[in-house]
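Trainee: Can you read through this structure? Questions will come right after.
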Amino acid sequence: MSASPDSPPQPRRFSPPGALSGTIRVPGDKSISHRSLMLGALAVGETRVTGLLEGEDVLATAAAMRQMGATITREDDGTWSIHGVGVGGLLQPAAPLDMGNSGTSTRLLMGLVASHAITATFVGDASLSKRPMRRVIDPLSQIGAEFEASEGGTLPLTLRGISPAVPITYRLPVASAQVKSAVLLAGLNTAGTTTVIEPVPTRDHSERMLKGFGADLSVEEKDGERIITLKGEAELKPQTITVPGDPSSAAFFVVAALLVPGSDVLIENVGLNPTRAGLFGVLRQMGGSIEEVNAREVGGEPVADLRVRHSMLRGIAVDPAVAPSMIDEFPVLFVAAALAEGTTTTTGLDELRVKESDRLTAMAEALTLAGAKFEEHEDGLTIHGTGGDPLPGTGEGAAVVSHLDHRIAMSMAVAGLASRNGVEIDDVRPIATSFPNFIALMESLAG
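If you count the sequence shown from 1, you need to add 311 to reach our numbering.
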């Protein structure tokens with residue numbers, strides 16, 4: 312649950328724990344959780360899912376698929392069972408589909424509904440109702456679906472699907488995995504070949520999972536573009552899926568284990584999709600000992616257990632080309648760089664200024680307070696590491712400002728573990744929004 316703006320801030324000090332050791336699992340990947348429910352609901356037979364991320368966004372997807380005919384239940388051991396209706400079998404929902412705050416649910420489900428002969432109304436909370444849906448409405452109108460949207464192409468919105476729909480070739484005008492996925496999902500119930508042309512690669516969970524469920528999908532690279540083709544109408548086969556742990560959540564524990572002397576930690580079942588796992592490659596380049604154990608493929612996604620041991624890191628110039636595959640992990644990379652030997656430079660990070668906070672300035676302020684040495688630029692930070700010595704930490708009465716940004720709070724918690732005097736954070740409530748058991752897991756490793 313998100314922190315209520317009325318509840319008082321919860322300050323907390325994170326202090327050096329001694330060596331970290333043990334085995335943990337981090338919460339499931341949100342992108343894969345959404346798609347497991349949607350594709351399971353379109354397969355004929357029972358799909359079983361363990362490790363589903365049970366956050367509000369994913370539960371909105373489950374509720375919508377139930378309204379359109381799928382039987383979705385959660386068993387006592389946390390396994391989810393999905394009995395699907397088959398591609399083409401979605402039923403007319405009796406009430407509006409409430410998407411809460413989930414842009415992923417909304418855009419992907421619009422794609423699914425568009426090629427079925429049903430009408431659905433999508434509603435959401437105040438924040439979601441401001442987000443642009445025109446980018447999905449445009450291609451789905453080309454297949455023959457009809458829309459009545461609020462002004463500016465936003466929710467509430469009513470979609471009248473069409474079957475048979477017209478297969479299209481669509482070049483993405485914006486780099487968006489959600490738009491790509493909406494078009495491909497519409498193609499499942501469309502006879503013929505649906506093609507999406509992607510000038511800039513985006514997260515490829517939909518392609519991998521569609522193939523995993525048995526769709527006839529191929530990807531080729533041509534003149535620097537990705538061309539994705541899907542043949543409909545598809546028959547999806549039920550799957551047994553273990554949702555991999557979210558690499559963005561694993562990142563904090565990986566960096567903590569690298570920085571705290573004597574640490575040896577195993578993080579089980581981490582998703583290593585190359586469009587998401589850039590941080591681990593950068594940390595290895597810096598000399599980090601991150602070993603992949605029991606590498607395997609689950610539902611078309613690469614997964615492994617990560618064994619991470621304390622390492623002396625060296626500063627590097629981070630290639631800006633890896634930024635898209637680790638954009639959320641830069642705050643915790645800055646902490647790793649602050650304890651490395653030599654200088655680390657990062658560039659091309661303008662996107663970090665428009666996240667939940669301006670993460671470049673927020674991290675610059677936080678690292679200054681903890682005693683790190685660096686310069687802030689328009690598009691990145693240049694960080695001068697301590698050569699492995701702990702950061703001084705925050706003094707009495709001084710607290711890092713988290714700006715209600717969960718990644719700033721968790722990154723500086725890791726900095727506290729690698730400091731002499733600990734790091735005080737003004738408010739740990741935001742951590743609960745993305746990672747409710749973060750502090751408990753960290754304490755379990757500290758024994």
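Glycine is no exception: its CB is placed at the ideal position from the N, C-alpha and C atoms.
(1) May I ask you to report which of helix, strand or coil DSSP gives residue 661?
(2) What separation, rounded to the nearest whole angstrom, lies between the Cα atoms of residue 638 and residue 541?
(3) Please report the straight-line C-alpha distance between residue 574 and residue 487, rounded to a whole angstrom.
(4) On the premise that residue 543 lies in contact with residue 505, defined as a C-beta separation below 8 Å, what is that separation, rounded to the nearest angstrom?
(5) Going by DSSP in three states, residue 471 sits in which element: helix, strand or coil?
(6) Do three or more CB pairs link the stretch 496-503 to the stretch 420-431 at distances below 8 Å?
(7) In whole angstroms, what separates the C-alpha of residue 571 from that of residue 523?
(8) With H, G and I counted as helix, E and B as strand and the rest as coil, what does DSSP make of residue 335?
(9) Please list the segments of the alpha helix (DSSP H) lying wholly inside the stretch 532-605, counting only runs of 4 or more residues, in order along the chain.
(10) So, is residue 491 buried or exposed, given that buried needs 16 or more other C-beta atoms within 10 angstroms?
(11) Rounded to a whole number of angstroms, what is the C-alpha to C-alpha distance between residue 325 and residue 634?
(12) Would you mind listing the beta strand (DSSP E) stretches within the stretch 607-686 that are 3+ residues and don't spill past its ends, in chain order?
(13) Enumerate in chain order the residues of its own chain whose CB-to-CB distance from residue 288 is below 6 Å, with the five nearest sequence positions on each side excluded.
(14) Evaluate residue 740 with the Cβ neighbour count: other Cβ atoms within 10 Å of its Cβ, from every protein chain shown; 16 or more gives buried, anything less gives exposed.
(15) Once DSSP output is grouped into helix, strand and coil, what is the label at residue 356?
(16) In terms of alpha-carbon separation, which member of 401, 351, 468 and 336 lies closest to residue 617?
(17) Within its chain, find whatever has a CB closer than 6 Å to the CB of residue 402; leave out the 5 residues flanking it on each side and keep chain order.
(18) So, do the stretch 667-680 and the stretch 711-731 have three or more beta carbon pairs nearer to each other than 8 Å?
(19) Would you identify the three-state DSSP class for residue 754, choosing helix, strand or coil?
(20) With DSSP run on the structure shown, which of helix, strand or coil describes residue 692?
(21) Going by DSSP, which residues form a beta bridge with residue 485?
(22) Spatial neighbours of residue 601 within its chain, please: C-beta separation below 7 Å, excluding the five flanking residues on both sides.
(23) Just the C-alpha distance for residue 257 and residue 527, rounded to the nearest angstrom, thanks.
(24) Report the residue from 755, 707 and 745 whose alpha carbon sits nearest the alpha carbon of residue 323.
(25) Residue 753 to residue 428, Cα distance in whole Å?
(26) Can you tell me the Cα-Cα spacing of residue 312 and residue 610, whole angstroms?
(27) Excluding five sequence neighbours on each side, which residues of the same chain lie with their C-beta closer than 6 Å to the C-beta of residue 316?
(28) Measuring alpha carbon to alpha carbon, tell me which residue in 682, 736 and 671 is nearest residue 689.
(29) Would you decide whether residue 480 is buried or exposed? Buried here means 16 or more other CB atoms lie within 10 Å of its CB.
(30) Using C-beta distances below 7 Å, list every residue in its chain close to residue 599, excluding the 5 sequence neighbours before and after it, in chain order.
(31) Thinking C-beta only, is residue 445 closer than 7 Å to residue 464?
(32) Please list, in chain order, all residues of the same chain as residue 730 whose beta carbon is under 7 Å from its beta carbon, the five residues on each side excluded.
(33) Would you kindly report the start and end of the unbroken beta strand (DSSP E) that includes residue 394?
(34) Identify, in the order they occur along the chain, each residue of the same chain with its Cβ nearer than 6 Å to the Cβ of residue 549, setting aside the five sequence neighbours on each side.
(35) If we ignore side chains and look at the alpha-carbon of each, how far apart do residue 346 and residue 373 end up?
(36) Among 630, 674, 659 and 661, whose alpha-carbon lies nearest the alpha-carbon of residue 643?
Mentor: So, from the data block:
(1) In the structure shown, residue 661 sits in a helix (DSSP, three-state: H, G or I).
(2) 29 Å
(3) 39 Å
(4) 6 Å
(5) strand
(6) yes
(7) 39 Å
(8) strand
(9) If we require 4 residues or more, the alpha helix (DSSP H) runs fully inside the stretch 532-605 come out as 558-570 and 589-596.
(10) buried
(11) 28 Å
(12) 612-620 and 654-656
(13) What is shown of the chain runs 312 to 758, which leaves residue 288 out entirely.
(14) buried
(15) strand
(16) 336
(17) 379 and 380
(18) Yes, they touch.
(19) helix
(20) strand
(21) Paired residue(s): none; residue 485 is not in a bridge.
(22) 565, 591, 594, 595, 617 and 619
(23) Because residue 257 is not part of the residues shown, which for the chain are 312 to 758, the question remains open.
(24) 707
(25) 50 Å
(26) Unreliable positioning characterises residue 312 in this predicted model, as indicated by a pLDDT of 38, which lies under 50. The coordinate reading is nonetheless provided below. About 29 Å.
(27) Any reading at residue 316 must be qualified, since the residue scores a pLDDT of 47, below 50, and its modelled position is unreliable; the value itself is stated next. Hits under 6 Å: none found.
(28) 671
(29) Burial state of residue 480 is exposed, judged by a 10 Å Cβ sphere holding fewer than 16 other Cβ atoms.
(30) Contacts found: 569, 622 and 624.
(31) Taking 7 Å as the cut-off, the beta carbon of residue 464 is found closer than this to the beta carbon of residue 445.
(32) For residue 730, where only same-chain residues beyond five positions count, the Cβ hits under 7 Å are 327, 681, 701, 702, 703 and 704.
(33) 391-396
(34) 354, 356, 357 and 358
(35) 10 Å
(36) 674
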